[in-house]
Amino acid sequence: MRQPLIIVGNGMAAARLCEELAQRAHGRYAVTVIGEEPCLAYNRVLLSSVLAGELRANDISLKPAAWWSDRGITLCCGVGVTAANIAARTVTLSDGKAFPFAKLVFATGSRPLCLRIAGSDLPGVLTFRDISDVASMSRAASRGAPIVVIGGGLLGIEAAYGLAKAGASVTLVHLMDRLMERQLDVRAALLLKRAVEAKGIRVLPGVATARFAGNGHVEGVELEDGRVLAADAVVVTVGIKPNAEVAANAGIVVNRGIVVDDHLVTSASDIFAIGECAEHRGVSYGLVEPANEQARVLAERLAGREACYLGSVNATNLKVSGVQVFSAGDFLGAPGTESIVLSDQGLGTYRKLVIAGGRIVGAVLYGDTADSSWYLDLIRSGAAIDSVREDIIFGRAAAEREAA
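Below is the structure:
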């Protein structure tokens, strides 16, 4: 008899886990996937493309409905898990139903952080996290009125681009002195700012938001320097918080995220967590690839094989309308490291490799990111680069040609 396996969450991490399980342990578990959104799992990375009108919502579904049914996976969409009972081995859904489990996986993702300032509850103050947010943003953009995006990280830039492409007049406000400061050094961030502005987006770095103003609906954003920006809508993209409340209420250890060990097991046996909701060795990853790596490891373990998750190298890709950016590892360069830099303003390209102990430990690429996967592999593997150091900044082809 197949063991009941419940996966809480129907996002990218859950879908990847189901795919990995289908390859490694098909028929071993009776898998049920429970998700609050009333639709099939989709690629959140492509939401900005839907907003920009480059793709339709149906285009970003990860798997068709038949894929799930063909593999015997039960989908419960449009309903959330409200409680997990560890002792009874059951989960309770928002519609009152209860499901038993032998093994339980939290893949609940995260939710947007909100600014705790006056006016944050006004209608028209939006977030950018799921397909319903895209629908709200599209309606706002269709009016052609000014929209302010708060937050110049990866998500904020994608939101600003999508809104501008959809016809809105967009201002991007960022607290820090440069865009994507967690992923880019100063030179790459400056190139990115120029490229974003070339899309017709006004960029205001180093500016704090004081409050949202409006009477019954947001009408403007007041900055701490006294300026007021007119706004028919505001999109807040200032970070995310793991969805860990159900696990915490069940007595499972939670810090920022649901704490897991190298086997992705929580503090309760046979209960696991992967993706943005999980915290491993003090780190909660907000990126797709770590979730994929965790899904592969967990599928191996659920298939009865030995596997460990030892952490991921943070790597970020931004690709919006010809703007290509990649960063990974220690891109700023800790004390004791050295850097190799290649910059061509005419071509609009920039490369920086951070070296320590004869190995690449970090990289930033702007404009030409064709070699990003190769550099990332070198960072992950810790391979020595002494034999190709003179040519490695020029990319894989040049380095391998010299090595030959």
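Residue numbers (the numbering used here): 481 to 884.
All C-beta atoms, glycine included, are put in the ideal place defined by N, C-alpha and C.
This structure is a prediction, so every number in the text was calculated from the model and none was measured.
Taking the alpha carbon of residue i as the reference point, which residue from the options has its own alpha carbon closest?
i       : options                            : result
Cys-557 : Ala-563, Asn-565, Ala-564, Trp-548 : Trp-548
Val-777 : Leu-634, Val-740, Cys-519          : Val-740
Ala-713 : Gly-604, Glu-769, Thr-746, Ala-690 : Gly-604
Arg-504 : Leu-798, Ser-861, Gly-784, Leu-652 : Gly-784
Ala-795 : Asp-824, Glu-759, Arg-860          : Arg-860
Phe-586 : Gly-576, Thr-607, Thr-562, Gly-826 : Thr-562
Ala-640 : Ala-532, Ala-688, Gly-816          : Ala-532
Ser-764 : Ala-779, Glu-786, Gly-791          : Gly-791
Gly-826 : Glu-756, Leu-703, Val-683, Leu-671 : Leu-671
Val-653 : Leu-643, Leu-664, Asp-665, Gly-636 : Gly-636
Arg-551 : Asp-539, Thr-570, Val-511, Phe-579 : Val-511
Gly-755 : Ala-495, Pro-484, Met-481          : Ala-495
Arg-674 : Ala-814, Gly-802, Ala-863, Ala-620 : Gly-802
Val-715 : Ala-688, Phe-608, Leu-485          : Phe-608
Leu-501 : Ser-807, Gly-816, Asn-772, Thr-817 : Asn-772
Phe-811 : Ala-620, Ile-840, Glu-499          : Ile-840
Ala-753 : Ala-598, Arg-569, Lys-583, Val-687 : Lys-583
Asp-610 : Glu-516, Arg-707, Arg-596          : Glu-516
Asn-797 : Leu-845, Gly-813, Cys-757, Val-726 : Leu-845
Ala-646 : Trp-854, Val-834, Asp-665, Arg-623 : Arg-623
Ala-688 : Ala-669, Asp-665, Val-676, Met-656 : Met-656
Gly-507 : Ala-728, Gly-706, Val-513, Met-481 : Met-481
Ile-873 : Gly-737, Ser-819, Ala-864, Gly-813 : Ser-819
For residue i versus residue j, is the C-beta distance shorter than 7 Å?
i       : j       : result
Ile-487 : Ala-730 : no
Pro-685 : Arg-667 : no
Ile-627 : Ala-648 : yes
Asp-871 : Gly-838 : no
Gly-809 : Val-793 : yes
Thr-829 : Gly-842 : no
Asp-851 : Gly-875 : yes
Leu-606 : Thr-651 : no
Gly-696 : Met-660 : no
Val-734 : Ala-724 : yes
Ala-711 : Glu-702 : no
Gly-489 : Thr-554 : no
Asp-539 : Val-559 : no
Arg-781 : Ala-787 : yes
Pro-518 : Phe-581 : no
Got a sec? Which residues, its chain only, sit under 7 Å from residue i by beta carbon, not counting five neighbours each side?
i       : result
Lys-721 : Ser-590, Arg-591, Leu-593
Ala-545 : Leu-520
Val-614 : Leu-527, Val-530, Leu-531
Glu-638 : Ser-528, Val-800
His-743 : Arg-781, Cys-788
Ser-600 : Cys-594, Phe-692
Gly-719 : Leu-593
Ala-836 : Gly-816, Thr-817
Could you give the DSSP three-state label for residue i: helix, strand or coil?
i       : result
Ser-823 : strand
Ala-669 : helix
Ile-486 : strand
Leu-602 : coil
Val-793 : coil
Glu-699 : strand
Arg-881 : helix
Leu-812 : coil
Ile-865 : coil
Ala-843 : strand
Glu-500 : helix
Arg-609 : coil
Ala-494 : helix
Arg-860 : helix
Arg-831 : strand
Would you check whether the ligand HEM has a heavy atom nearer than 6 Å to the C-beta of residue i?
i       : result
Ser-590 : Among the components modelled here there is no ligand, and therefore nothing to report on the ligand HEM.
Apart from the five residues on each side of it in sequence, which residues of its chain come closer than 8 Å, Cβ to Cβ, to residue i?
i       : result
Leu-535 : Leu-526, Ser-529
Leu-542 : Met-492, Ala-495, Leu-520, Ala-521, Tyr-522, Asn-523
Thr-746 : Phe-586, Ala-727, Ile-732, Val-733, Ile-738, Val-739, Val-740, Phe-752, Ala-753
Thr-570 : Ala-564, Ala-578, Phe-579, Pro-580, Phe-581
Excluding the 5 residues preceding and the 5 following residue i in the sequence, name in chain order all residues of the same chain whose CB lies nearer than 6 Å to its CB.
i       : result
Thr-572 : Thr-562, Ala-563, Ala-578
Ser-823 : Tyr-830
Ala-678 : none
Ala-621 : Leu-643, Ala-646, Gly-647, Ala-648
Val-834 : Asp-810, Gly-813, Thr-817, Ser-819, Val-841, Gly-842
Gln-804 : Thr-849
- Where in the stretch 716–790 do unbroken runs of the alpha helix (DSSP H), each at least 4 residues long, occur, reported from the N-terminal end onward? The stretch 716–790 contains these whole alpha helix (DSSP H) runs: 725–729, 768–782.
Problem - Secondary structure, beta strand (DSSP E): runs of 3+ residues fully inside the stretch 512–600 - result: Those beta strand (DSSP E) runs which fall completely within the stretch 512–600 and span 3+ residues are 554–557, 561–565, 570–573, 578–580, 583–586, 590–592.
In chain order, what are the residue ranges of uninterrupted alpha helix (DSSP H) at least 4 long that sit wholly in the stretch 612–691? Runs of the alpha helix (DSSP H) lying entirely within the stretch 612–691 and spanning at least 4 residues, in chain order: 634–645, 666–678.
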